[in-house]
Amino acid sequence: PATPEIYTLPLHDALPISPEIHVASLAGFCFGVKHAVDAVENALAARKNGRVFTLGKLIHNPSYLASLAGKGVEIISESDLDRVFTTTSEALPTTICTRAHGIPRGLSERLEKMAAALPCLTVVDCTCPHVRRIQQIALNKTDENSLFCILGDPEHPEVQGIVSYANCDYFAAPTADELILLLKNVNTDHKNIILAAQTTQNLQEWEKTQKVFKISYPTSQIYDT
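By the count of the numbering used here, the sequence shown reaches residue 565 at its end, each step adding exactly one.
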């Protein structure tokens, strides 16, 4: 119609007068995210006249990242490190916090060297302890005779960081079928196969992957991550 009709309903007819709100007992940040958030908040509390950066997005939470930006925390990338390093001084100390998903091995080593060369630079490792455990598995359980396999998204920062710690060839795929297909294209004879999973991987797909590997590669070492 040329002139639309407008109808209004009394609010008390549409909604309860006194709604009850129940907060789930496990509501809030997961353990790894809480670990990262606390580390950054502590850095902010201690910064005085200094700067606080996060190397990449600390967590996947736009609201919280916006609140950090409001407190002066800048998100930087690896390409920004030289700028940050050269502008750090006793008058302008700097804290760099890594993201909860972790960072590649080479980048971590670069940060360590930068911090050792410049006392005014502090690097805070905010990697989720569960992710750090998988990085250590990749580092300590692999050698030139190994093949490291991880069930997860190969484009995800967590997975990219984890595989960088492997001392051998690695394979990453989001499904059991894709992972097995990748292995069929290489010679696995006399190879020690190490299997792990991205921390946020689907549980049913992970259980399927374990079963498939136990059948196809019965000597493989499986770490339930």
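For glycine and all other residues, C-beta sits at the position ideal for the given N, C-alpha and C.
| Query | Result |
| --- | --- |
| Could you work out which residue in Gly446, Leu491, Cys437 is closest to Cys468 when comparing CA atoms only? | Cys437 |
| For Lys531 and Trp546, I'd like the C-alpha separation in whole angstroms. | 22 Å |
| What three-state label does DSSP hand Gln538 in the structure shown? | coil |
| Report all residues from its chain with a CB closer than 7 Å to the CB of Ala536; omit the five preceding and five following residues, and keep chain order. | Ile474, Ile477, Ile490, Tyr563, Thr565 |
| Considering Ser448, what are the terminal residues of the alpha helix (DSSP H) in which it resides? | 445–457 |
| Go to Tyr510, then tell me how far its beta strand (DSSP E) extends in each direction, as first and last residue. | 509–513 |
| Excluding five sequence neighbours on each side, which residues of the same chain lie with their C-beta closer than 6 Å to the C-beta of Thr549? | Leu491, Ala516 |
| Tell me whether Ser429 is buried or exposed, calling it buried when 16 or more other Cβ atoms sit within 10 Å of its Cβ. | exposed |
| Quick one: which unbroken beta strand (DSSP E) runs of 3-plus residues sit fully inside the stretch 358–414? Chain order, please. | 391–395 |
| Are the beta-carbon atoms belonging to Leu395 and Tyr404 less than 9 Å from one another? | no |
| For Ala383, count neighbouring C-beta atoms within 10 Å of its own C-beta (all shown protein chains included) and say buried if the count is 16 or more, exposed if not. | buried |
| Would the stretch 370–377 count as touching the stretch 418–427 if we require 3 or more Cβ pairs under 8 Å? | no |
| Below 8 Å, can you find three or more Cβ-Cβ pairs linking the stretch 436–455 to the stretch 500–518? | yes |
| Less than 9 Å separating the beta-carbons of Ala376 and Arg439? | yes |
| Taking only three categories from DSSP, how would you classify Ser504? | coil |
| Might you give, ordered along the chain, the residues of its own chain that have their beta carbon closer than 7 Å to the beta carbon of Ser556, omitting 5 neighbours on each side? | Ile520 |
| Which value, in whole angstroms, describes the spacing of the CA atoms of Ser417 and Arg391? | 15 Å |
| Go through its chain and collect everything with a Cβ distance to Ile533's Cβ below 6 Å, but skip five positions before and after it. | Leu487, Tyr557, Ser560 |
| Under the rule that 16 or more other beta-carbon atoms within 10 Å means buried, what is Leu543, buried or exposed? | exposed |
| Tell me, to the nearest whole angstrom, how far the beta carbon of Thr539 is from that of His470; I am working on the premise that it is less than 8 Å. | 5 Å |
| Should Val363 be labelled buried (16 or more other beta-carbon atoms within 10 Å of its own) or exposed? | exposed |
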